[in-house]
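> Pasting a structure here, questions to come.
Residue numbers (this note's numbering): 6 to 423.
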(Lines of atoms letter the chains of each structure in order from A; the text may use other names.)
(Lines give C-alpha, C1' and ligand atoms only; values in the text may rest on other atoms or scores of the structure.)
Protein backbone atom coordinates (compact mmCIF):
# COMPACT_ATOMS: atom_id res chain seq x y z
CA UNK A 6 0.00 0.00 0.00
CA UNK A 7 1.11 3.58 -0.60
CA UNK A 8 -0.30 6.79 0.84
CA UNK A 9 -0.60 10.42 -0.17
CA UNK A 10 -1.92 12.78 2.51
CA UNK A 11 -5.03 11.12 3.96
CA UNK A 12 -5.67 8.74 1.05
CA UNK A 13 -4.07 5.31 0.85
CA UNK A 14 -3.81 3.30 -2.37
CA UNK A 15 -4.95 -0.29 -1.97
CA UNK A 16 -4.83 -2.98 -4.70
CA UNK A 17 -8.18 -3.91 -6.21
CA UNK A 18 -10.16 -6.28 -4.00
CA UNK A 19 -11.51 -9.53 -5.46
CA UNK A 20 -14.91 -10.93 -4.49
CA UNK A 21 -14.46 -14.63 -5.18
CA UNK A 22 -18.05 -15.77 -4.54
CA UNK A 23 -21.30 -14.05 -5.48
CA UNK A 24 -24.91 -14.98 -6.19
CA UNK A 25 -26.17 -11.65 -7.55
CA UNK A 26 -29.88 -12.41 -7.31
CA UNK A 27 -29.64 -13.21 -3.58
CA UNK A 28 -29.28 -9.45 -3.02
CA UNK A 29 -33.09 -9.09 -3.07
CA UNK A 30 -33.24 -11.10 0.18
CA UNK A 31 -31.23 -8.60 2.23
CA UNK A 32 -33.26 -7.51 5.25
CA UNK A 33 -36.20 -9.78 4.35
CA UNK A 34 -35.38 -13.11 5.98
CA UNK A 35 -34.97 -12.35 9.68
CA UNK A 36 -38.50 -12.60 11.03
CA UNK A 37 -40.03 -15.95 11.87
CA UNK A 38 -42.83 -16.85 9.48
CA UNK A 39 -45.81 -19.18 9.79
CA UNK A 40 -43.64 -22.00 8.45
CA UNK A 41 -40.72 -21.16 10.74
CA UNK A 42 -42.12 -20.25 14.12
CA UNK A 43 -39.30 -21.10 16.51
CA UNK A 44 -35.61 -20.34 16.72
CA UNK A 45 -34.84 -24.06 16.49
CA UNK A 46 -36.48 -24.42 13.07
CA UNK A 47 -35.25 -21.22 11.40
CA UNK A 48 -32.00 -22.14 9.63
CA UNK A 49 -30.19 -22.39 6.31
CA UNK A 50 -32.81 -24.71 4.89
CA UNK A 51 -35.75 -22.39 5.65
CA UNK A 52 -33.77 -19.49 4.17
CA UNK A 53 -33.21 -21.59 1.03
CA UNK A 54 -36.97 -21.79 0.48
CA UNK A 55 -37.10 -17.99 0.33
CA UNK A 56 -34.13 -17.95 -2.04
CA UNK A 57 -35.85 -20.35 -4.44
CA UNK A 58 -38.93 -18.13 -4.40
CA UNK A 59 -36.77 -15.19 -5.52
CA UNK A 60 -35.18 -17.30 -8.26
CA UNK A 61 -38.61 -18.21 -9.61
CA UNK A 62 -39.27 -14.57 -10.59
CA UNK A 63 -36.07 -14.04 -12.57
CA UNK A 64 -36.20 -13.17 -16.24
CA UNK A 65 -33.17 -12.16 -18.32
CA UNK A 66 -34.34 -8.54 -18.29
CA UNK A 67 -34.87 -8.46 -14.53
CA UNK A 68 -31.62 -10.30 -13.90
CA UNK A 69 -29.58 -7.83 -15.96
CA UNK A 70 -31.13 -4.86 -14.19
CA UNK A 71 -30.66 -6.37 -10.73
CA UNK A 72 -27.13 -7.63 -11.38
CA UNK A 73 -26.11 -4.23 -12.77
CA UNK A 74 -27.15 -2.64 -9.47
CA UNK A 75 -25.42 -5.35 -7.43
CA UNK A 76 -22.17 -5.09 -9.39
CA UNK A 77 -22.33 -1.30 -9.17
CA UNK A 78 -22.72 -1.60 -5.40
CA UNK A 79 -19.67 -3.86 -5.30
CA UNK A 80 -17.62 -1.36 -7.28
CA UNK A 81 -18.52 1.58 -5.04
CA UNK A 82 -17.58 -0.55 -2.00
CA UNK A 83 -14.12 -1.37 -3.38
CA UNK A 84 -14.49 -4.72 -5.10
CA UNK A 85 -12.84 -4.57 -8.54
CA UNK A 86 -13.49 -8.17 -9.62
CA UNK A 87 -16.16 -10.76 -8.90
CA UNK A 88 -16.68 -14.49 -9.35
CA UNK A 89 -20.36 -14.96 -10.13
CA UNK A 90 -21.40 -18.51 -9.14
CA UNK A 91 -24.20 -18.74 -11.70
CA UNK A 92 -26.76 -21.53 -11.83
CA UNK A 93 -30.08 -19.91 -12.83
CA UNK A 94 -29.63 -20.89 -16.48
CA UNK A 95 -33.21 -20.38 -17.62
CA UNK A 96 -35.31 -17.42 -16.59
CA UNK A 97 -39.01 -17.02 -17.14
CA UNK A 98 -41.03 -14.24 -18.76
CA UNK A 99 -44.84 -14.42 -18.97
CA UNK A 100 -44.74 -18.15 -18.29
CA UNK A 101 -42.21 -18.89 -21.05
CA UNK A 102 -38.64 -20.02 -20.40
CA UNK A 103 -35.91 -17.76 -21.74
CA UNK A 104 -33.71 -18.61 -24.67
CA UNK A 105 -30.52 -20.57 -23.90
CA UNK A 106 -27.65 -18.36 -22.74
CA UNK A 107 -29.93 -15.33 -22.24
CA UNK A 108 -29.32 -15.36 -18.47
CA UNK A 109 -25.59 -15.61 -18.98
CA UNK A 110 -25.66 -12.68 -21.41
CA UNK A 111 -27.61 -10.72 -18.80
CA UNK A 112 -24.85 -11.18 -16.21
CA UNK A 113 -22.10 -10.36 -18.67
CA UNK A 114 -23.89 -7.22 -19.82
CA UNK A 115 -24.39 -6.19 -16.20
CA UNK A 116 -20.69 -6.58 -15.39
CA UNK A 117 -19.63 -4.60 -18.45
CA UNK A 118 -22.10 -1.83 -17.58
CA UNK A 119 -20.79 -1.67 -13.99
CA UNK A 120 -17.16 -1.81 -15.14
CA UNK A 121 -16.24 -4.71 -12.85
CA UNK A 122 -14.05 -7.65 -13.80
CA UNK A 123 -16.23 -10.76 -14.04
CA UNK A 124 -15.25 -14.40 -13.92
CA UNK A 125 -18.50 -16.14 -14.85
CA UNK A 126 -18.47 -19.37 -12.84
CA UNK A 127 -21.06 -21.22 -14.89
CA UNK A 128 -22.42 -23.98 -12.70
CA UNK A 129 -23.42 -27.61 -13.22
CA UNK A 130 -26.58 -28.46 -11.23
CA UNK A 131 -28.24 -31.79 -11.99
CA UNK A 132 -30.34 -33.04 -9.06
CA UNK A 133 -32.35 -31.59 -6.20
CA UNK A 134 -30.09 -32.93 -3.47
CA UNK A 135 -29.36 -36.03 -1.45
CA UNK A 136 -31.68 -37.38 1.22
CA UNK A 137 -30.45 -38.32 4.69
CA UNK A 138 -30.35 -41.89 3.38
CA UNK A 139 -28.07 -40.83 0.52
CA UNK A 140 -30.70 -41.13 -2.21
CA UNK A 141 -30.93 -38.62 -5.07
CA UNK A 142 -33.76 -36.10 -4.73
CA UNK A 143 -35.44 -35.04 -8.00
CA UNK A 144 -35.26 -31.42 -9.11
CA UNK A 145 -38.18 -29.28 -7.99
CA UNK A 146 -39.90 -26.85 -10.35
CA UNK A 147 -37.50 -23.98 -9.68
CA UNK A 148 -34.39 -26.16 -9.68
CA UNK A 149 -35.34 -27.55 -13.10
CA UNK A 150 -34.27 -24.18 -14.53
CA UNK A 151 -30.78 -24.74 -13.15
CA UNK A 152 -30.14 -28.05 -14.92
CA UNK A 153 -28.66 -29.09 -18.26
CA UNK A 154 -29.75 -32.69 -17.70
CA UNK A 155 -26.26 -34.18 -17.53
CA UNK A 156 -22.61 -33.24 -17.31
CA UNK A 157 -22.46 -33.71 -21.07
CA UNK A 158 -25.28 -31.19 -21.54
CA UNK A 159 -23.64 -28.74 -19.16
CA UNK A 160 -20.24 -29.06 -20.86
CA UNK A 161 -21.87 -28.40 -24.25
CA UNK A 162 -23.49 -25.20 -22.97
CA UNK A 163 -20.35 -24.20 -21.09
CA UNK A 164 -18.29 -24.47 -24.28
CA UNK A 165 -20.86 -22.35 -26.13
CA UNK A 166 -20.28 -19.57 -23.60
CA UNK A 167 -16.78 -19.04 -25.01
CA UNK A 168 -18.40 -17.79 -28.22
CA UNK A 169 -20.69 -15.43 -26.25
CA UNK A 170 -17.75 -13.93 -24.38
CA UNK A 171 -15.74 -13.60 -27.61
CA UNK A 172 -18.69 -11.82 -29.21
CA UNK A 173 -18.97 -9.32 -26.36
CA UNK A 174 -15.20 -8.83 -26.56
CA UNK A 175 -14.59 -7.15 -23.22
CA UNK A 176 -11.24 -7.34 -21.39
CA UNK A 177 -13.24 -7.47 -18.16
CA UNK A 178 -14.93 -10.85 -18.75
CA UNK A 179 -13.53 -14.37 -18.41
CA UNK A 180 -15.12 -17.81 -18.07
CA UNK A 181 -14.71 -20.22 -15.18
CA UNK A 182 -16.69 -23.24 -14.04
CA UNK A 183 -18.42 -24.64 -10.98
CA UNK A 184 -20.24 -27.69 -9.72
CA UNK A 185 -22.91 -26.57 -7.30
CA UNK A 186 -22.16 -29.20 -4.65
CA UNK A 187 -21.95 -32.95 -4.17
CA UNK A 188 -25.66 -32.76 -3.32
CA UNK A 189 -26.50 -31.40 -6.77
CA UNK A 190 -24.03 -33.31 -8.99
CA UNK A 191 -23.79 -37.14 -8.77
CA UNK A 192 -20.44 -38.87 -8.40
CA UNK A 193 -20.34 -40.22 -11.95
CA UNK A 194 -20.95 -36.75 -13.35
CA UNK A 195 -18.29 -35.21 -11.08
CA UNK A 196 -15.82 -37.70 -12.51
CA UNK A 197 -16.79 -36.79 -16.07
CA UNK A 198 -16.31 -33.10 -15.37
CA UNK A 199 -12.94 -33.82 -13.79
CA UNK A 200 -11.90 -35.74 -16.91
CA UNK A 201 -13.30 -33.41 -19.60
CA UNK A 202 -13.03 -29.85 -18.29
CA UNK A 203 -10.08 -28.18 -20.07
CA UNK A 204 -6.84 -28.08 -18.10
CA UNK A 205 -6.26 -24.82 -16.29
CA UNK A 206 -9.95 -23.95 -15.92
CA UNK A 207 -10.79 -22.54 -12.50
CA UNK A 208 -13.46 -24.71 -10.87
CA UNK A 209 -15.51 -23.86 -7.76
CA UNK A 210 -17.90 -25.86 -5.57
CA UNK A 211 -19.86 -25.33 -2.38
CA UNK A 212 -18.25 -27.74 0.10
CA UNK A 213 -19.52 -28.84 3.52
CA UNK A 214 -21.54 -25.70 4.18
CA UNK A 215 -23.96 -27.66 6.37
CA UNK A 216 -23.56 -30.83 8.49
CA UNK A 217 -26.56 -32.33 6.67
CA UNK A 218 -24.55 -32.21 3.43
CA UNK A 219 -21.75 -34.23 5.01
CA UNK A 220 -24.19 -36.76 6.44
CA UNK A 221 -25.98 -37.24 3.12
CA UNK A 222 -22.68 -37.62 1.24
CA UNK A 223 -21.46 -40.21 3.74
CA UNK A 224 -24.74 -42.11 3.37
CA UNK A 225 -24.56 -42.02 -0.42
CA UNK A 226 -20.86 -42.65 -1.03
CA UNK A 227 -19.19 -43.51 2.27
CA UNK A 228 -16.89 -40.48 2.10
CA UNK A 229 -17.00 -36.77 2.93
CA UNK A 230 -17.68 -34.17 0.21
CA UNK A 231 -14.00 -33.21 0.14
CA UNK A 232 -12.95 -36.84 -0.22
CA UNK A 233 -15.47 -37.35 -3.03
CA UNK A 234 -14.16 -34.30 -4.89
CA UNK A 235 -10.61 -35.57 -4.40
CA UNK A 236 -11.46 -39.05 -5.73
CA UNK A 237 -13.15 -37.37 -8.72
CA UNK A 238 -9.93 -35.57 -9.61
CA UNK A 239 -11.21 -32.06 -8.89
CA UNK A 240 -8.93 -30.81 -6.10
CA UNK A 241 -5.82 -28.84 -7.02
CA UNK A 242 -4.44 -25.33 -7.59
CA UNK A 243 -7.34 -24.42 -9.91
CA UNK A 244 -10.02 -25.61 -7.47
CA UNK A 245 -11.84 -23.43 -4.93
CA UNK A 246 -13.92 -24.86 -2.09
CA UNK A 247 -16.56 -22.33 -1.04
CA UNK A 248 -17.36 -22.18 2.69
CA UNK A 249 -15.59 -25.42 3.77
CA UNK A 250 -17.20 -24.94 7.17
CA UNK A 251 -17.64 -28.47 8.55
CA UNK A 252 -14.45 -30.36 7.75
CA UNK A 253 -12.64 -33.36 9.18
CA UNK A 254 -8.88 -33.24 9.81
CA UNK A 255 -8.45 -35.41 6.69
CA UNK A 256 -10.50 -32.92 4.65
CA UNK A 257 -8.22 -30.11 5.79
CA UNK A 258 -5.16 -32.17 4.86
CA UNK A 259 -6.56 -32.93 1.38
CA UNK A 260 -7.46 -29.32 0.62
CA UNK A 261 -4.14 -28.02 1.90
CA UNK A 262 -1.86 -30.59 0.29
CA UNK A 263 -3.62 -30.20 -3.08
CA UNK A 264 -3.02 -26.43 -3.05
CA UNK A 265 -6.72 -25.69 -3.31
CA UNK A 266 -8.22 -22.30 -2.49
CA UNK A 267 -10.85 -21.82 0.22
CA UNK A 268 -13.38 -19.04 -0.35
CA UNK A 269 -14.67 -17.91 3.01
CA UNK A 270 -17.83 -15.76 3.09
CA UNK A 271 -17.92 -14.72 6.75
CA UNK A 272 -20.92 -12.37 6.70
CA UNK A 273 -23.07 -14.93 4.87
CA UNK A 274 -21.87 -17.82 7.01
CA UNK A 275 -22.90 -15.83 10.07
CA UNK A 276 -26.19 -14.66 8.55
CA UNK A 277 -27.21 -18.22 7.59
CA UNK A 278 -25.97 -19.74 10.87
CA UNK A 279 -23.63 -22.00 8.89
CA UNK A 280 -20.88 -22.00 11.50
CA UNK A 281 -17.25 -20.87 11.62
CA UNK A 282 -14.91 -22.66 9.23
CA UNK A 283 -11.32 -23.68 10.13
CA UNK A 284 -9.65 -20.93 8.11
CA UNK A 285 -6.38 -20.80 10.07
CA UNK A 286 -5.98 -24.58 10.02
CA UNK A 287 -6.61 -24.63 6.27
CA UNK A 288 -4.07 -21.88 5.64
CA UNK A 289 -1.52 -23.65 7.81
CA UNK A 290 -2.14 -26.87 5.84
CA UNK A 291 -1.24 -25.12 2.58
CA UNK A 292 -4.58 -23.84 1.24
CA UNK A 293 -4.99 -20.30 -0.06
CA UNK A 294 -7.70 -18.21 1.62
CA UNK A 295 -9.97 -15.95 -0.44
CA UNK A 296 -13.08 -13.95 0.43
CA UNK A 297 -16.57 -13.61 -1.03
CA UNK A 298 -19.88 -11.95 -0.23
CA UNK A 299 -22.11 -14.84 -1.38
CA UNK A 300 -25.72 -13.80 -0.63
CA UNK A 301 -24.80 -10.14 -0.04
CA UNK A 302 -26.08 -9.70 3.48
CA UNK A 303 -23.15 -7.28 3.31
CA UNK A 304 -21.06 -6.23 0.30
CA UNK A 305 -18.44 -4.40 2.38
CA UNK A 306 -14.98 -5.94 1.73
CA UNK A 307 -13.53 -4.60 4.96
CA UNK A 308 -16.28 -6.21 7.02
CA UNK A 309 -15.50 -9.54 5.31
CA UNK A 310 -11.80 -9.17 6.09
CA UNK A 311 -12.24 -8.58 9.77
CA UNK A 312 -15.10 -11.05 10.11
CA UNK A 313 -12.62 -13.71 8.99
CA UNK A 314 -10.33 -12.79 11.87
CA UNK A 315 -13.19 -12.26 14.33
CA UNK A 316 -14.54 -15.74 13.62
CA UNK A 317 -11.16 -17.20 14.47
CA UNK A 318 -11.00 -15.16 17.68
CA UNK A 319 -14.48 -16.24 18.76
CA UNK A 320 -13.83 -19.91 18.08
CA UNK A 321 -10.37 -20.06 19.70
CA UNK A 322 -10.23 -17.32 22.34
CA UNK A 323 -7.02 -16.03 20.72
CA UNK A 324 -6.25 -12.74 18.93
CA UNK A 325 -4.14 -12.21 15.85
CA UNK A 326 -4.99 -15.48 14.16
CA UNK A 327 -4.63 -13.67 10.81
CA UNK A 328 -2.34 -10.67 10.61
CA UNK A 329 -3.81 -7.57 8.88
CA UNK A 330 -1.53 -8.15 5.88
CA UNK A 331 -2.90 -11.69 5.57
CA UNK A 332 -6.46 -10.39 5.58
CA UNK A 333 -5.67 -7.97 2.77
CA UNK A 334 -3.83 -10.71 0.89
CA UNK A 335 -6.94 -12.93 1.07
CA UNK A 336 -9.02 -10.13 -0.47
CA UNK A 337 -6.45 -9.41 -3.18
CA UNK A 338 -4.16 -12.24 -4.30
CA UNK A 339 -6.25 -15.03 -2.75
CA UNK A 340 -9.29 -13.89 -4.69
CA UNK A 341 -7.28 -13.37 -7.86
CA UNK A 342 -5.89 -16.89 -7.65
CA UNK A 343 -9.37 -18.29 -7.10
CA UNK A 344 -10.68 -16.59 -10.25
CA UNK A 345 -7.65 -17.18 -12.44
CA UNK A 346 -6.72 -13.49 -12.56
CA UNK A 347 -3.28 -11.92 -12.44
CA UNK A 348 -2.32 -11.35 -8.82
CA UNK A 349 -0.73 -7.98 -7.96
CA UNK A 350 1.59 -7.56 -5.01
CA UNK A 351 -0.27 -5.88 -2.17
CA UNK A 352 2.58 -3.36 -1.79
CA UNK A 353 2.72 -2.40 -5.49
CA UNK A 354 1.77 1.11 -6.70
CA UNK A 355 1.82 0.25 -10.44
CA UNK A 356 -1.69 -1.19 -10.66
CA UNK A 357 -4.46 -1.42 -13.26
CA UNK A 358 -7.06 -1.92 -10.50
CA UNK A 359 -6.92 -0.07 -7.20
CA UNK A 360 -8.86 1.98 -4.67
CA UNK A 361 -8.07 5.04 -2.65
CA UNK A 362 -9.07 4.70 1.01
CA UNK A 363 -9.44 7.49 3.57
CA UNK A 364 -7.09 6.75 6.46
CA UNK A 365 -8.20 9.78 8.50
CA UNK A 366 -11.97 9.31 8.61
CA UNK A 367 -13.87 9.05 11.90
CA UNK A 368 -13.51 5.25 11.54
CA UNK A 369 -9.85 5.08 10.57
CA UNK A 370 -8.34 8.13 12.29
CA UNK A 371 -5.37 7.03 14.41
CA UNK A 372 -5.22 3.63 12.76
CA UNK A 373 -1.91 2.45 11.40
CA UNK A 374 -2.16 2.16 7.63
CA UNK A 375 -1.14 -1.49 7.87
CA UNK A 376 -4.15 -2.16 10.13
CA UNK A 377 -6.86 -0.67 7.91
CA UNK A 378 -8.35 -4.15 7.30
CA UNK A 379 -9.44 -4.03 10.95
CA UNK A 380 -10.72 -0.43 11.04
CA UNK A 381 -11.92 0.74 7.61
CA UNK A 382 -15.30 0.15 5.99
CA UNK A 383 -16.61 0.59 2.46
CA UNK A 384 -17.61 4.13 3.47
CA UNK A 385 -13.89 4.99 3.49
CA UNK A 386 -13.41 3.98 -0.16
CA UNK A 387 -13.10 7.33 -1.95
CA UNK A 388 -12.18 6.22 -5.46
CA UNK A 389 -12.12 2.96 -7.41
CA UNK A 390 -10.09 2.39 -10.58
CA UNK A 391 -10.57 -0.69 -12.77
CA UNK A 392 -8.58 -1.35 -15.93
CA UNK A 393 -6.99 2.11 -15.45
CA UNK A 394 -10.40 3.83 -15.52
CA UNK A 395 -12.15 5.61 -12.64
CA UNK A 396 -15.43 3.75 -12.12
CA UNK A 397 -16.57 5.16 -8.76
CA UNK A 398 -15.92 8.13 -6.50
CA UNK A 399 -17.29 8.84 -3.01
CA UNK A 400 -19.82 6.02 -3.21
CA UNK A 401 -21.27 7.05 -6.58
CA UNK A 402 -20.75 5.07 -9.79
CA UNK A 403 -19.06 7.19 -12.46
CA UNK A 404 -21.35 6.01 -15.30
CA UNK A 405 -24.45 4.65 -13.57
CA UNK A 406 -24.82 7.24 -10.82
CA UNK A 407 -26.51 6.49 -7.51
CA UNK A 408 -26.69 2.81 -6.64
CA UNK A 409 -29.72 3.52 -4.45
CA UNK A 410 -31.56 4.84 -7.50
CA UNK A 411 -30.62 1.70 -9.47
CA UNK A 412 -32.22 -0.45 -6.77
CA UNK A 413 -35.29 1.81 -6.56
CA UNK A 414 -35.78 1.56 -10.32
CA UNK A 415 -35.46 -2.22 -10.20
CA UNK A 416 -38.02 -2.60 -7.42
CA UNK A 417 -40.42 -0.17 -9.11
CA UNK A 418 -40.27 -2.12 -12.36
CA UNK A 419 -40.32 -5.56 -10.71
CA UNK A 420 -42.70 -5.38 -7.72
CA UNK A 421 -42.85 -9.19 -7.60
CA UNK A 422 -39.54 -9.10 -5.69
CA UNK A 423 -40.90 -6.89 -2.91
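Each residue gets a CB set at the ideal place from its N, CA and C atoms; glycine is no exception.
Would you give the residue range spanned by the alpha helix (DSSP H) that residue 416 belongs to?
For the purposes of this step, residue 416 is taken as residue 411 along the chain shown, with counting starting at 1. Counting along the chain, the alpha helix (DSSP H) containing residue 416 begins and ends at 408–418.
> Check each candidate in 198, 224 and 213 and name the one with the smallest Cα separation from residue 206.
Within the chain shown, residue 206 is the residue found at index 201, counting from 1. It is 198.
> How is the beta strand (DSSP E) around residue 236 delimited, first residue to last?
If you number the chain shown from 1, residue 236 lands on position 231. Taken as a continuous stretch (DSSP letters only), residue 236 belongs to no beta strand (DSSP E), being part of the alpha helix (DSSP H) at 230–236.
> Using the Cα positions of residue 24 and residue 365, report the straight-line distance between them to the nearest angstrom.
Along the chain shown, one-based indexing puts residue 24 at 19. Along the chain shown, one-based indexing puts residue 365 at 360. Going from the Cα of residue 24 to the Cα of residue 365 covers about 33 angstroms.
> Would you report the Cα separation of residue 247 and residue 408, rounded to the nearest angstrom?
For the purposes of this step, residue 247 is taken as residue 242 along the chain shown, with counting starting at 1. For the purposes of this step, residue 408 is taken as residue 403 along the chain shown, with counting starting at 1. Their Cα atoms are separated by approximately 28 angstroms.
> Taking 7 angstroms as the cut-off, does the CB of residue 120 come closer than this to any heavy atom belonging to the ligand ADP?
Of ligands this structure carries none, so the ligand ADP is not represented either.
> Taking 8 angstroms as the cut-off, decide whether the C-beta atoms of residue 87 and residue 121 are in contact.
Translated into the one-based positions of the chain shown, residue 87 becomes position 82. Translated into the one-based positions of the chain shown, residue 121 becomes position 116. In this structure, residue 121 lies closer than 8 angstroms to residue 87 by Cβ.
> Indicate whether residue 128 and residue 90 have their beta-carbon atoms separated by less than 8 angstroms.
By one-based count along the chain shown, residue 128 stands at place 123. By one-based count along the chain shown, residue 90 stands at place 85. In this structure, residue 90 lies closer than 8 angstroms to residue 128 by Cβ.
> Would residue 232 and residue 202 qualify as a contact pair, given that the criterion is a beta-carbon distance under 8 angstroms?
Numbered from 1 along the chain shown, position 227 holds the residue referred to as residue 232. Numbered from 1 along the chain shown, position 197 holds the residue referred to as residue 202. Taking 8 angstroms as the Cβ cut-off, residue 232 and residue 202 do not qualify as a contacting pair.
> Could you give the residue range of the beta strand (DSSP E) that holds residue 346?
As a first step, residue 346 is located in the chain shown; it is residue number 341 there, counting from the start. Premise fails: residue 346 is in no beta strand (DSSP E) and is neither H nor E.
> Taking the alpha helix (DSSP H) that residue 71 belongs to, which residues open and close that run?
Residue 71 sits at position 66 when you count from the first residue of the chain shown. Here the alpha helix (DSSP H) through residue 71 covers 65–82.
> Tell whether a beta-carbon distance below 8 angstroms holds between residue 295 and residue 266.
Position 290 of the chain shown, counting from 1, holds the residue named residue 295. Position 261 of the chain shown, counting from 1, holds the residue named residue 266. Yes, Cβ-Cβ distance for residue 295 and residue 266 is below 8 angstroms.
> Compute the Euclidean distance between the alpha carbons of residue 350 and residue 361, then round it to the nearest angstrom.
Working through the chain shown from its first residue, we reach residue 350 at position 345. Working through the chain shown from its first residue, we reach residue 361 at position 356. Rounded to whole angstroms, residue 350 to residue 361 spans 16 angstroms at the Cα level.
> Looking at residue 270 and residue 27, is the spacing between their C-beta atoms short of 8 angstroms?
Working through the chain shown from its first residue, we reach residue 27 at position 22. Working through the chain shown from its first residue, we reach residue 270 at position 265. For residue 27 and residue 270, no; Cβs fall outside 8 angstroms.
> Given this structure, state the Cα-to-Cα distance separating residue 382 from residue 363, to the nearest angstrom.
Indexing the chain shown from 1 puts residue 382 at position 377. Indexing the chain shown from 1 puts residue 363 at position 358. Going by the C-alpha atoms only, they are around 10 angstroms apart.
> Kindly list the residues whose CB is nearer than 6 angstroms to the CB of residue 289, restricted to its own chain and excluding five residues on each side of it in sequence; keep chain order.
Residue mapping note: residue 289 aligns to position 284 of the chain shown, counting from 1. Once the five neighbours on either side are set aside, residue 289 has no close Cβ partner at all.
> Classify residue 211 as helix, strand or coil using the three-state DSSP reduction.
Numbered from 1 along the chain shown, position 206 holds the residue referred to as residue 211. The answer is strand: DSSP assigns residue 211 an E or B state.
> Consult DSSP for residue 369 and reduce its assignment to one of helix, strand or coil.
Position 364 of the chain shown, counted from the first residue, corresponds to residue 369. Here residue 369 sits in coil by DSSP.
> Excluding the five sequence neighbours on either side, which residues of its own chain have a C-beta within less than 7 angstroms of the C-beta of residue 165, listed in chain order?
Within the chain shown, the letter at position 160 stands for residue 165. 106.
> Could you name each continuous beta strand (DSSP E) segment of 3 residues or more that falls completely within the segment 289–343, going from the start of the chain to the end?
Complete beta strand (DSSP E) runs here, min 3: 293–296.
> Quick check: the Cα distance between residue 52 and residue 355, rounded to an integer number of angstroms?
In the chain shown, residue 52 corresponds to position 47, counting from 1. In the chain shown, residue 355 corresponds to position 350, counting from 1. Using only the alpha carbons, I get a separation of about 43 angstroms.
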